[in-house]
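**Q** In our numbering, the protein residues as written are 4 to 285.
The structure that follows is given in the form of C-alpha cells.
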C-alpha cells in the first residue's frame, strides 16, 4: 500500500517526483508523495477509480451482512409484501450503524456517516443503488471522484442530522445522499448557466420534488432526511470547485479519505459497542 521507492506524482501539482522527496521541486508542496501513500490514494480517488461502484459494493456487502447476521430476525421483519421483502432486523441494522433512536440517544454521532450504507429491504437497496449509479456517475464527472465522495458523505450526514434533531426515529439508507447528489447537480446547473445548465437544474429539482411527493405518500420514509440531504448537497454544490475548472487537490483527497476511514471505523465502533447487548447478552 505504501510506496517506498521510485517515481510518483506530486499530490499537489501532479508532476513526477521521487517518492522520497520531502518537498516538491516543482511547486514546493511539503510531503508531496503523502509519505508514500499518494499512489494508493489515487487508486481510490484518482481519475480512473470507480468510486460509485465501490460505494455500491460496500452497500451490498453491508446489506448481505445485516441479513445474514440475524436470519430469524430477518424472517420476522420480512413479509411477502414488495416493500419489506428480505428486510434485516432492527437489531442487525443497529449493530452495523443505524442512526437515530437509541443510537443517537447514546451519542453515537458517527452513525450520521454509517447509516447511508445500510438498507432496510431488497427493494430499498435496489432503488437507491440505481439512483446512486445514475446520479453518481454525473456527479463524478462534474466534481471529480474525491469531491463526489465528500458530497455523498456530508450530504447524507446533513440529512440524517436534520432528521435526528427534528424527528428522532431510527433511520438508514442512501437516499439522503442520493438527494444530496440531486442538490449538488442542481447547484452545478445554476453555476454553469445557459440553456444546458438551466435544464440540468430543472431536471434535478423535478426529480427531487417528485420523489419528495412519493415519499410523503408512503409509510416509513425519512422525508426530513431527504430534505436535509438535498439542502446540504445544494450548499456543497456551490462550495466545491468544479472538475473542469480546478483539479482536485490533495486536501480534498485527504478529506475524502478521512470520511471513508471514519465511516469504516464507525461501522467497527457500532459493532464493538452493540454486539454484546444485542446478540451476546440474551
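We put the beta carbon where it would ideally sit given N, CA and C, even for glycine.
Computed from a predicted structure; not experimentally measured.
In three-state DSSP terms, what is residue 121?
**A** It is coil, neither helix nor strand.
**Q** State buried or exposed for residue 58, treating a residue as buried only when at least 16 other CB atoms are found within 10 Å of its CB.
**A** buried
**Q** Could you spell out the range, first to last residue, of the beta strand (DSSP E) harbouring residue 19?
**A** Where residue 19 is concerned, the enclosing beta strand (DSSP E) stretches over 19 to 21.
**Q** Take the Cβ of residue 120 as the centre, count every other Cβ of all protein chains shown within 10 Å, and call the residue buried at 16 or more, exposed below.
**A** buried
**Q** Please state whether DSSP places residue 32 in a helix, a strand or coil.
**A** Correct three-state label for residue 32: coil.
**Q** Smallest Cα separation from residue 90: which of 80, 10, 110, 238?
**A** 80
**Q** My output table needs one value for residue 174: the three-state DSSP class, helix, strand or coil.
**A** strand
**Q** Assuming residue 188 contacts residue 207 (C-beta within less than 8 Å), just tell me the rounded distance between them.
**A** 5 Å
**Q** Would you call residue 105 buried or exposed, if buried means 16 or more other Cβ atoms sit within 10 Å of its Cβ?
**A** exposed
**Q** Please tell me whether residue 228 and residue 158 are closer than 8 Å, where the distance is taken between their beta carbons.
**A** no
**Q** Pop quiz: residue 173 and residue 93 are said to be a contact at Cβ under 8 Å. What is the actual Cβ separation, rounded to whole angstroms?
**A** 7 Å
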